[in-house]
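Asker: Got a structure here, written out as structure tokens. Questions coming.
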Amino acid sequence: DAKEVVGNDRKHVWHHLTQHKPFEENDPMVIVKGEGMRVWDAKGNEYLDAVSGAVWTVNVGYGRTEIADAVRDQLVTLNYFAQTAGNVPAAQFAEKLIEKMPGMSRVYYSNSGSEANEKAFKIVRQIAEKKYGGKKHKVLFRERDYHGTTITALSATGQYERKNQYGPFTPGFVEVPHCCEYRAQDDADMENYGVWAADQIEKVILAEGADTVGALCLEPITAGGGVIEPPQGYWDRVQEICKKYDILLHIDEVVCGLGRTGKWFGYQHYGVKPDMVTMAKGVASGYAAISCTVTTEEVFNMFKDPEDARMDYFRDISTFGGCTAGPAAALENMRIIEDENLMANTLDMGARMMSNLQALSEKHAVIGDVRGKGLFIGAELVSDRKSKDAMDEKMVGAVVADCMAQGVIIGATNRSIPGRNNTLCFSPALIATADDIDHITDAVDNALGRVFG
Ligand code: PMP
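Quick note: to get this note's numbering, add 4 to the position in the sequence shown (first position is 1).
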């Protein structure tokens, strides 16, 4: 009974990122079914989902009975045992995953992107204690990047509005400047912006003292901070800097991982050789909660300590890291991406979406910049192309709402960075067809016409 479900939701469910206002006048949207690229709400409305479950997660689309079957079979065989021991799907998925990540070696399982990042931060701290007398413990993060919702993951997040009202934060997390070329800093060298932006990281390292900095944590392409691909030259210089000062490079692939950008991982577009990689959302496309902190064998071996057997291991546990549903779903998710050639589709459909949006920018002056990779694209809206003044957040919201009224769910950066909550976000499932892509961009065309026309 739709009325009852919506009524119970309204009465008892505390929604993420929303609370009182939206539900005083309108019923909450309760999603009851998904199939392929589409979802249906409790009132029977159908939507084309251009953001894979609102937050770039359902990479292989909804209604995959093969994943459900694999999870069911695994659950009736063995649902759980703590990861202090092994289990079959965890071992199998680790092997498959490492096959896709040359240079990487070990997989640590947990349940969310935030948790995967926390593990990486703890790895840095414990290595600092073991090898550097506790000194080399700081983690650098970049302005506009997001690394999660827990207090420490927020401490490592460069989005002021997400952090607002949650301080004091964990010490030892230090921000470096962003690298968004469209919003380049006033004193930037625009001939060589990528190298210049990376050099700003070195300045922070020197100011902090290189012997205090243990790791640099970066999104390969900034997601919720505005879909920002680092400019040419950035990654090579970043890697040089990390090597020079013996700093671990931690890449947060929570959004880009598992095919979203047309390669298994975002960093693989740029020849990056990370020391740690974290991933979550697309690992099992939301069919089960799973995240992974993946490291090199070298990082794994830094825990060896023949002199102190009580401290010669990563002293961390995650209860639900021992759930078998996650790796069982992840194995099937990976098989689908391979068997259905979804990364090739992602590149084709991503190119189509990019060119559709670029065509729209000829028509709608409010589109200031279109950027992204694969099926991970942002369109930044401005009130004036020349001054690049950001479009008001309310107007950006009106575009999203208009698309929703047309039955197309798109996203937008929201309440993350003051004055920068103006990017429309698109991350359809990797199974999107040309018709789906055109349907999405037609809806955006209509919405822009209506809101700004
Ligand atoms: N890292 C990035 C880049 C993210 O976008 C997110 C979530 N949006 C997280 C980490 C945190 O993941 P979770 O919500 O699963 O804790």
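Every residue, glycine too, gets a C-beta built ideally from N, C-alpha and C. In this text, all values refer to a predicted model and were calculated from it rather than measured experimentally.
(1) Would you mind giving the Cβ-Cβ distance between HIS254 and ALA219, rounded to the nearest angstrom? I have them listed as a contact below 8 Å.
(2) Quick one: grab the DSSP three-state call for ARG110.
(3) If you drop the 5 nearest sequence neighbours on each side, which residues of the same chain put their C-beta closer than 8 Å to that of LYS277?
(4) For the ligand PMP, is there a heavy atom less than 6 Å away from the beta-carbon of VAL55?
(5) Following a CB-centred definition, is ALA436 positioned closer than 6 Å to any heavy atom of the ligand PMP?
(6) Go to ARG314, then tell me how far its alpha helix (DSSP H) extends in each direction, as first and last residue.
(7) What residue from ARG419, VAL92, VAL178 has the CA that sits closest to THR216's CA?
(8) Closest Cβ-Cβ distance between ASN349 and chain D: below 7 Å?
(9) What does the alpha-carbon distance come out to for the pair ARG110 and THR300?
(10) Please go through the same chain and pick out, in chain order, the residues whose beta-carbon is closer than 6 Å to the beta-carbon of LEU452, but skip the five residues on each side of it.
(11) Ordered along the chain, which non-local residues of its own chain (more than five positions away) have a Cβ less than 6 Å from that of ALA227?
(12) Is the Cβ-Cβ distance between ASP316 and PHE304 less than 7 Å?
(13) Among the residues of its own chain, which have a CB less than 8 Å from the CB of ILE441, if the five just before and after it don't count?
(14) Identify the residues that DSSP records as bridge partners of CYS429: which are they?
(15) Between VAL59, GLU366, GLU50, which has its C-alpha nearest ALA416's C-alpha?
(16) So, ASN337 versus VAL64, is the Cβ gap smaller than 7 Å?
(17) In chain order, what residues of the same chain have a beta carbon less than 8 Å from the beta carbon of PRO422, not counting five sequence neighbours either side?
(18) Straight-line CA distance for TYR170 to THR161?
Answerer: Looking at the atomic coordinates:
(1) Residue mapping note: residue 254 aligns to position 250 of the sequence shown, counting from 1. Residue mapping note: residue 219 aligns to position 215 of the sequence shown, counting from 1. About 5 Å separates the two Cβ atoms, so the contact holds.
(2) Residue numbering aside, residue 110 sits at position 106 when the sequence shown is read from its first letter. Three-state result, ARG110: strand.
(3) Residue 277 sits at position 273 when you count from the first residue of the sequence shown. Closer than 8 Å at the Cβ level, and outside the excluded window around LYS277, lie GLY107, GLN243, LEU253.
(4) Indexing the sequence shown from 1 puts residue 55 at position 51. VAL55 Cβ: outside cutoff for every heavy atom of the ligand PMP.
(5) The sequence position of residue 436 within the sequence shown is 432, counting from 1. The answer is no for ALA436.
(6) Within the sequence shown, residue 314 is the residue found at index 310, counting from 1. ARG314 -> no alpha helix (DSSP H), and no H or E assigned at all.
(7) To locate residue 216, count along the sequence shown from 1; it is residue 212. Checked all of ARG419, VAL92, VAL178; the closest Cα to THR216 is VAL178.
(8) In the structure shown, chain D does not exist; there is a single protein chain.
(9) Locating residue 110 in the sequence shown gives position 106, counting from the first residue. Locating residue 300 in the sequence shown gives position 296, counting from the first residue. So the two alpha carbons sit approximately 6 Å from each other.
(10) As a first step, residue 452 must be located in the sequence shown, where it is residue number 448. Answer for LEU452: HIS368, listed in chain order.
(11) Counted from its first residue, the sequence shown places residue 227 at position 223. Taken in chain order, the residues that qualify are VAL259.
(12) Mapped onto the sequence shown, residue 316 falls at position 312. Mapped onto the sequence shown, residue 304 falls at position 300. For ASP316 and PHE304, no; Cβs fall outside 7 Å.
(13) Taking the first residue of the sequence shown as position 1, residue 441 is located at position 437. Within the same chain, ILE441 has close Cβ partners MET353, ARG356, MET357, ASN360, PRO432.
(14) The residue given as residue 429 occupies position 425 in the sequence shown. CYS429 is bridged to GLY382, GLY415.
(15) Counting from one through the sequence shown, the residue named residue 416 turns up at place 412. It is VAL59.
(16) The residue you call residue 337 lines up with position 333 of the sequence shown. The residue you call residue 64 lines up with position 60 of the sequence shown. Yes, these two residues count as a Cβ contact at 7 Å.
(17) Along the sequence shown, one-based indexing puts residue 422 at 418. Counting only Cβ-Cβ distances below 8 Å, and skipping sequence neighbours, we find TYR164, GLU165.
(18) Indexing the sequence shown from 1 puts residue 170 at position 166. Indexing the sequence shown from 1 puts residue 161 at position 157. When rounded, the distance between both Cα atoms is 12 Å.
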